[in-house]
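In my numbering, the protein residues as written are -4 to 274.
Take a look at the structure:
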């Protein structure tokens, strides 16, 4: 049975904006570092950038790996950090998250785990691509059923599919071991729906903006940098990138198109160290 959606009172003839943050990898102790980067400080810097940019988004999407240590404190810390934005926050799990602990400690006003969001003339589906105990992902059949039922329930709305794992390979040997193993099937199946306009994910700690050609037109494929450490693109083995933490702004337009841009923390404040450990 299709569960109720979270619905926002936005007219269907208006474009809508949202921001995505992903992979903060927080710890119970806010002073703990991941590969030399204080993840609480880097997330705070990203959120400050969002606040100061005056994008005027309707909501915030958090696309997994909220925690690095699976602790209740890490999830409570995330809630404390995002609450000052004053935005509804919709989240989904990543491979570093404990779904039960996450649900118990991210239960807060304005923080939502529901998978369906209705916003203007768009429907946003927050999909679970995680596999317990695995770094890589897989889109289970129940998630395909959710997509089918959600589109049947709201056939006039454009659709943005959001997940943690990358459904396409990145030509990075070590990172491609941890992709969504049925990603090609996902793309082929969702491309059958003309409502689906884009797929959005985290996990890969780098930016990507490309297209998939489906029978009803092009579907945008979007990956977003982490709010902490970054992975170097096209690297055959684990390699860190010196680029700063970031987030993605998306404008979902009435005509089904999407304008999007990645923003990063200015300067060179956060420098990861592969020898520092913690990942």
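Built from N, CA and C at the ideal position, the CB exists for glycine as well.
Predicted model only: the values in this text are computed from it and were never measured.
- Scanning its chain for C-beta atoms nearer than 6 Å, with the 5 sequence neighbours on each side dropped, one finds around residue 211 the residues 189, in chain order.
- Residue 224 carries a coil assignment under DSSP once its states are collapsed to helix, strand and coil.
- Residue pairing by DSSP puts residue 203 in a beta bridge opposite 218.
- The three-state secondary structure of residue 242, taken from DSSP, is strand.
- With a 10 Å radius around the Cβ and a threshold of 16 neighbouring Cβ atoms, residue 169 comes out exposed.
- Cβ-Cβ distances below 7 Å link residue 123 to 87, 88 and 138 in the same chain, with the five nearest sequence neighbours on each side left out; the list follows chain order.
- Annotation: the continuous beta strand (DSSP E) that includes residue 58 extends over 54 to 58.
- From the listed residues 51, 56, 83 and 92, the smallest Cα separation to residue 66 is found for 92.
- In summary, residue 179 is exposed, with fewer than 16 beta-carbon neighbours lying within 10 Å of its beta-carbon over all protein chains present.
- Listed in chain order, the alpha helix (DSSP H) elements of length 4 or more contained wholly in the segment 83 to 146 are 94 to 100.
- Nearest neighbour of residue 22 by Cα position, chosen from 2, 44 and 76, turns out to be 76.
- Residue -4 has its alpha-carbon roughly 34 Å from the corresponding atom of residue 64.
- For residue 271, no alpha helix (DSSP H) encloses it, and the DSSP letter there is neither H nor E.
- For residue 39, the enclosing alpha helix (DSSP H) starts and ends at 34 to 48.
- When the beta-carbon positions are compared, residue 59 and residue 159 come within less than 9 Å of each other.
- Here DSSP, grouped into helix, strand and coil, assigns residue 255 to strand.
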